[in-house]
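Protein chains in written order, with this note's numbering: chain A, 1 to 246; chain Z, 1001 to 1224.
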């Protein structure tokens, strides 16, 4: 036990720098996660806020929640690989279907459901009185969406982005299986070599990054939510409808 | 540029490997069943504790919430140095993820039983145990089953990850497909493993819903 802890400490001393060091690996991990969440926001938010504004597509929102929960993240990451390999073979400016691309595609798909459903329900659940009042003040369609519905929905939307991000950072670990870097590298390589110290160090790094992501978003949410909507208390902190274990 | 239209699915593979597919479906269901059974037993005990001693509810949800937030691969990786590449490692991980959902729903379900109904039961001479088993538990059943459904669907998805520690049910096909991803057989295996996992999740979800309907016949009368 004591020997294991000494080895573990030594591991953290020996493996911080270079292209396979944990600083680079952490950066790779965040790089693919960030792009995946941003892309998912770009796709899901306009569609969901329009549907919520028009008060349409309730069934779509519910099915997104249920399907999202049933998707095995491991399967989605694996499934992306043969897809991106075929894309890379046929599109001249993509040079590799390995590594970043399949990881990005899988994480993008997994990031969509929480952002979509939270944006949709957030906009949809804005009280009709607030919308009515805005209309009385002379706001029209997009004005109501931008100036009334989206700000009022922002705590719920941000909760969706937080859930997606935490889930994406967790699942990016599996990117190591499709030849990407990231912190999952240590766990997967450790499994292959039956190297308990590397496995455990990788697990610590992944868990720490996951917790830090959650904390960073909680702090960011406090600043991004419009002032009058803050301080609703932790009891009422909105949770994502499509939260899943990863 | 010529488009390489390479087949993604080798339909013949499915027919040739039906026996193995059945074996892995069965393994998948056994891994899920054990995780849900053990998870439910632990959750009932912890929920009972939380209901009896209110102040224990916060630390219980905090602890199970922390377990829930650890990425699955990291949780299995934490356990491998201790329990090795075993079914025990897989089950400890899988059970951990069911606890938060189940405990929350059991407590919420029992809390949601209307006080006047409990009072009526006490007035009719029900003791504490009888009140729990004959009034509170049946009335909380829809909420508890709702938690079971979420836990079951989540667990079925997570079982595939245990392929990386040598178990995995349908995850076995996903991992083996990944090792020969460049071939049509590889993509077929990945697709079949993923699709069947989703199908299992949907079947179990609907099954639990039907079970709930069967166990709460009084709820149907309200709708009619």
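In this text, a Cβ means the ideal position worked out from N, Cα and C, and glycines have one as well.
Going by DSSP, residue 72 of chain A is part of no alpha helix (DSSP H) at all; its letter is neither H nor E. With respect to chain Z, the C-beta atom of residue 210 of chain A has a partner C-beta closer than 7 angstroms. In the structure shown, residue 91 of chain A adopts coil according to DSSP, grouped into three states. In the structure shown, residue 195 of chain A falls within a coil segment according to DSSP collapsed to helix, strand and coil.
Cβ-Cβ distances below 7 angstroms link residue 1150 of chain Z to 1101 in the same chain, with the five nearest sequence neighbours on each side left out; the list follows chain order.
Look at residue 120 of chain A here: in three-state DSSP terms it is helix. In this structure, residue 158 of chain A sits near residue 221 of chain A, with a CB-CB distance shorter than 7 angstroms. A check of alpha carbon separations from residue 76 of chain A across Z/1178, Z/1093, Z/1209 and Z/1217 identifies Z/1178 as the nearest.
Taking all protein chains in view, the Cβ of residue 1189 of chain Z is crowded by 16 or more other Cβ atoms within 10 Å, so the residue is classified as buried. The Cβ of residue 1074 of chain Z sits closer than 7 angstroms to at least one Cβ of chain A.
Taking a 10 Å sphere around the C-beta of residue 1130 of chain Z, we find fewer than 16 other C-beta atoms and assign the residue as exposed.
A Cβ-Cβ separation of about 6 angstroms places residue 1073 of chain Z in contact with residue 187 of chain A under the 8 angstroms criterion. In the same chain as residue 199 of chain A, and ignoring 5 residues on each side of it, the C-beta atoms closer than 8 angstroms to its own belong to 186, 187, 190 and 191, in chain order. Ranked by Cα distance from residue 1210 of chain Z, the options Z/1185, Z/1175 and Z/1146 are led by Z/1146. The straight-line gap separating the alpha-carbon atoms of residue 203 of chain A and residue 19 of chain A is approximately 19 angstroms. Shown here for residue 1121 of chain Z: same chain residues with a beta carbon closer than 6 angstroms to its own, the five before and five after excluded, namely 1131 and 1135 in chain order. Secondary structure at residue 226 of chain A: coil, using DSSP grouped into helix, strand and coil. Below the 8 angstroms Cβ cutoff, chain A contributes 72, 74 and 75 as neighbours of residue 1171 of chain Z, in chain order. Residues 22 and 23 of the same chain have their beta carbon placed closer than 7 angstroms to that of residue 16 of chain A, with the five preceding and five following residues left out of the count.
Proximity of chain A to residue 1191 of chain Z at the Cβ level (cut-off 7 angstroms) is accounted for by 79, in chain order.
About 6 angstroms separates the Cβ atoms of residue 1160 of chain Z and residue 1197 of chain Z, confirming a contact at the 8 angstroms cut-off. Using a Cβ-Cβ distance cut-off of 8 angstroms, the region 1103–1119 of chain Z and the region 213–228 of chain A are not in contact, since fewer than three pairs of beta carbons, one from each stretch, lie closer than that value. Residue 61 of chain A sits close to residue 120 of chain A, with the two beta carbons spaced by under 7 angstroms. Under the Cβ criterion (8 angstroms, minimum of three pairs), the region 112–132 of chain A does not count as touching the region 173–182 of chain A.
Against chain Z, a Cβ distance below 8 angstroms from residue 196 of chain A picks out 1080 and 1081. For residue 1153 of chain Z, the nearest CB of chain A lies under 7 angstroms from its own CB, placing it at the interface with that chain.
In the DSSP assignment, residue 1055 of chain Z falls outside any alpha helix (DSSP H) and carries neither an H nor an E.
Under the three-state reduction of DSSP, residue 180 of chain A is assigned to coil, being neither helix nor strand. Three or more Cβ pairs drawn from the region 1079–1088 of chain Z and the region 1165–1183 of chain Z lie within less than 8 angstroms of each other, which places the two stretches in contact. Using a 10 angstroms sphere on the CB of residue 116 of chain A, the tally of other CB atoms reaches 16 or more, which defines it as buried.
Sorting Z/1063, Z/1027 and Z/1046 by C-alpha distance to the C-alpha of residue 1200 of chain Z places Z/1027 at the top. Those residues of the region 1183–1209 of chain Z placed with their C-beta closer than 7 angstroms to a C-beta in chain A are 1186, 1187, 1190, 1191, 1193, 1194, 1197, 1198, 1201 and 1202, ordered along the chain. Annotation: Cβ neighbours of residue 206 of chain A in chain Z (cutoff 8 angstroms, chain order): 1071, 1073, 1074 and 1077. When rounded, the separation of the alpha-carbon atoms in residue 1033 of chain Z and residue 1095 of chain Z is 10 angstroms.
Neighbours of residue 174 of chain A across chain Z, judged by C-beta separation under 7 angstroms: 1073. Taking the beta carbon of residue 1164 of chain Z as reference, the chain A residues within 7 angstroms of it are 191, listed in sequence order.
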